[in-house]
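Peer 1:
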Amino acid sequence: MNELHTILRSYETLKQSGKNGALATIMKVRGSTYRRPGARMLIDDAGKTIGTVSGGCLEADVAEKAKKVIAAGQAQTVVYDLTAEGDAVWGLNQGCNGVVHLLIEPIGVLGSTDHLDFIQTCVNKKATGIMATVFRVDGELKATVGSRVLLQDDGAIQETVKNPTLVAALVEDCREALATGQGKVKEYRLTEGIAEVSIEVIQPPIPLFLFGAGYDVIPVARFAKELGWEVTVVDHRPAFASKERFPTADTLIHARPEEVSSKIALDNRSVAVIMTHNFSYDLELLKALLPSPARYVGLLGPKMRAERLLNQLRKAGSFPTEQQLARLFTPVGLDIGAESPEEIAIAILSEIQAVLKNRSAGFLKNSTRPIHDSP
260 MNELHTILRS YETLKQSGKN GALATIMKVR GSTYRRPGAR MLIDDAGKTI
310 GTVSGGCLEA DVAEKAKKVI AAGQAQTVVY DLTAEGDAVW GLNQGCNGVV
360 HLLIEPIGVL GSTDHLDFIQ TCVNKKATGI MATVFRVDGE LKATVGSRVL
410 LQDDGAIQET VKNPTLVAAL VEDCREALAT GQGKVKEYRL TEGIAEVSIE
460 VIQPPIPLFL FGAGYDVIPV ARFAKELGWE VTVVDHRPAF ASKERFPTAD
510 TLIHARPEEV SSKIALDNRS VAVIMTHNFS YDLELLKALL PSPARYVGLL
560 GPKMRAERLL NQLRKAGSFP TEQQLARLFT PVGLDIGAES PEEIAIAILS
610 EIQAVLKNRS AGFLKNSTRP IHDSP
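Sequential numbering of the sequence shown, starting at 260, is according to the working numbering.
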């Protein structure tokens, strides 16, 4: 997400300067590739790149092709097939063994930027959006490469495809993607021809709530912001929950644990970590957070302490359900031998990432499943 933020900021600078550029986006992959569909790279008119679509193998060639796209003012799909033996044929020294379908399109004065404005709106509104992009057209089908259907979470639709039959099919699949949160690549076979389309789910930043403002919370907030997450620090002490201590935090909330339920709204995308080091505070926070729809609740401290807290909750008349307890992670973090605050922060954020991606963590060398989920 942080990479996307950087691209959006660079796009705004490009737009304000009145210059042209290009945006390269992975539409489809097959086999082993470093990046997956949705990865983007912006190329300005001087050839400078922001973001990456590979491990550094394709960028120079993409930048060269982007110059031609900018000059022509027309989107183009490029296919990099690196499944054959001896990728030196490409002169790219690509280390992967896959196929990448890449859409390069002009942006700025000459190009359409509705899709980038749409992504920026989703980020600003903290809302999910669906973007269906045509990247291959065969036959006599009247649809252009780079045309889109954009679906907002309130049901509003924008489209540049200009083919009523194809638009109707795309809108139906976009609504399904909005409901399931799953994107896909699909071929649409119409009488006039075939359109291949990438349907992408645009997710807003992950909302992370950190309860506590001690020294060990600082690297968690900093590293999470590096990931592009939206960071909120909650503590009742203004001297601790301050902009000086947490310069990268998006929001600082001064609230006592018993005020959390009335002052903070969590949804099913929210993740929360309790780091107060205070037994009574943690008790109040668990009372508020466990019944909430938060996707993840992390609690600092050993298992014995957590059991004491849960027993106290039950004695006070609060009985967490099995579903609520399944969302509670304590001791918080992955077992990586973390000792310092920075190491602990990495362990915590890694565990959250694994939970959000439905992964069990562990060593990739021991895994039998693909590194990336199927697009």
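The beta-carbon is built from N, C-alpha and C at its ideal position, and this holds for glycine as well. Since this is a predicted model, take the numbers as computed values, not measurements.
What residue from Ile533, Ile477, Ser406, Pro516 has the CA that sits closest to Pro506's CA?
Peer 2: Ile477
Peer 1: Since Arg299 sits in a beta bridge, which residues does DSSP pair it with?
Peer 2: DSSP output for Arg299 lists Thr284 as bridge partner(s).
Peer 1: For Phe578, I'd like the list of residues in its chain whose CB is within less than 8 Å of its CB, leaving aside the five on either flank, ordered along the chain.
Peer 2: Leu572
Peer 1: Leaving out five residues on either side along the sequence, give the residues of the same chain with a beta carbon under 8 Å from the beta carbon of Arg586.
Peer 2: Leu549, Ala553, Arg554, Tyr555, Val556
Peer 1: Only counting runs of 3 or more residues, tell me where the beta strand (DSSP E) segments fall wholly within the segment 530-612, in order along the chain.
Peer 2: Within the segment 530-612, the complete beta strand (DSSP E) segments of 3 residues or longer fall at 530-533, 555-558, listed in chain order.
Peer 1: According to DSSP, simplified to helix, strand and coil, what is Asp376?
Peer 2: helix
Peer 1: In the structure shown, what three-state DSSP assignment does Asn383 receive?
Peer 2: helix
Peer 1: Grab me the residues of Pro365's own chain with a C-beta within less than 6 Å of its C-beta, minus the 5 sequence neighbours each way, in chain order.
Peer 2: Ala281, Val328, Ile329, Gly332
Peer 1: Looking at the structure shown, is Val348 part of a helix, part of a strand, or coil, going by DSSP?
Peer 2: Reliability of the predicted coordinates at Val348 is poor, the pLDDT of 45 falling under 50, and the value obtained from them is presented with this limitation in mind. DSSP, read as helix, strand or coil, puts Val348 in helix.
Peer 1: Please return the same chain residues whose Cβ sits closer than 6 Å to the Cβ of Thr419, not counting the five positions on each side in sequence.
Peer 2: The residues are Ser406, Arg407.
Peer 1: Which residue from Met300, Asn356, Leu469, Ala565 puts its Cα closest to that of Ile611?
Peer 2: Checking every option, the nearest Cα to that of Ile611 belongs to Leu469.
Peer 1: Comparing C-alpha positions only, which one of Lys445, Gly621, Ile309 sits nearest to Ala454?
Peer 2: Lys445
Peer 1: Please go through the same chain and pick out, in chain order, the residues whose beta-carbon is closer than 8 Å to the beta-carbon of Ser619, but skip the five residues on each side of it.
Peer 2: Ala613
Peer 1: In or out: Glu566 buried (at least 16 other Cβ within 10 Å) or exposed?
Peer 2: exposed
Peer 1: Which value, in whole angstroms, describes the spacing of the CA atoms of Asp526 and Glu451?
Peer 2: 45 Å
Peer 1: Among Val382, Leu341, Arg504, Asp303, which one has its Cα closest to the Cα of Cys316?
Peer 2: For the residues Val382, Leu341, Arg504, Asp303, the minimum Cα distance to Cys316 belongs to Leu341.
Peer 1: Alpha carbons only, please: which of Ile533, Gly398, Glu318, Thr439 is nearest the one belonging to Leu301?
Peer 2: Glu318
Peer 1: From Ile363 to Ile595, what does the alpha carbon distance come to, in whole angstroms?
Peer 2: 40 Å
Peer 1: For Gln335, report the span of its beta strand (DSSP E) as first-last.
Peer 2: 335-340
Peer 1: Which parts of the segment 464-504 are runs of the alpha helix (DSSP H), unbroken and 4 residues or longer, counting only runs that do not cross its ends?
Peer 2: Counting only runs of 4 or more, we get 476-485.
Peer 1: Compute the distance between the beta-carbons of Asp412 and Thr439, then report whether it is under 8 Å.
Peer 2: no
Peer 1: Please list, in chain order, all residues of the same chain as Gly398 whose beta carbon is under 7 Å from its beta carbon, the five residues on each side excluded.
Peer 2: Glu451, Gly452, Ile453
Peer 1: Are Val404 and Val358 touching if we call contact CB-CB under 8 Å?
Peer 2: no
Peer 1: Taking DSSP's pairing of strands, which residues face Leu317 in a bridge?
Peer 2: Answer by DSSP bridge pairing: none, since Leu317 is not bridged.
Peer 1: Compute the distance between the beta-carbons of His513 and Asp494, then report whether it is under 8 Å.
Peer 2: Yes; because the gap between Cβ atoms is below 8 Å, this pair is in contact.
Peer 1: Where do the N-terminal and C-terminal ends of the beta strand (DSSP E) with Leu361 fall, by residue?
Peer 2: 357-367
Peer 1: Please confirm if Gly414 has its CB atom under 8 Å from at least one CB of chain C.
Peer 2: The structure shown contains no chain C; it holds only a single protein chain.
Peer 1: Give every residue of the same chain whose Cβ lies closer than 8 Å to the Cβ of Lys624, excluding the five residues on either side of it in the sequence, and list them in chain order.
Peer 2: none
Peer 1: For the beta strand (DSSP E) containing Ala454, list its first residue and its last residue.
Peer 2: 452-461
Peer 1: Pop quiz: Ser529 and Pro466 are said to be a contact at Cβ under 8 Å. What is the actual Cβ separation, rounded to whole angstroms?
Peer 2: 5 Å
Peer 1: Looking only at its own chain, which residues have a Cβ that is under 8 Å from the Cβ of Val348, when we skip the five neighbours before and after it?
Peer 2: Any reading at Val348 needs caution, since the residue's pLDDT is 45, under 50, leaving its predicted position unreliable; the model's value is listed next. Same-chain partners within the cutoff: there are none.
Peer 1: By how many angstroms is the C-alpha of Val456 removed from the C-alpha of Thr580?
Peer 2: 42 Å
Peer 1: Helix, strand or coil: how does DSSP classify Ala427 here?
Peer 2: helix
Peer 1: By the 10 Å Cβ neighbour count, where 16 or more other Cβ atoms means buried, how is Val338 classified, buried or exposed?
Peer 2: exposed
Peer 1: Start and end of the beta strand (DSSP E) containing Leu525?
Peer 2: Leu525 -> no beta strand (DSSP E), and no H or E assigned at all.
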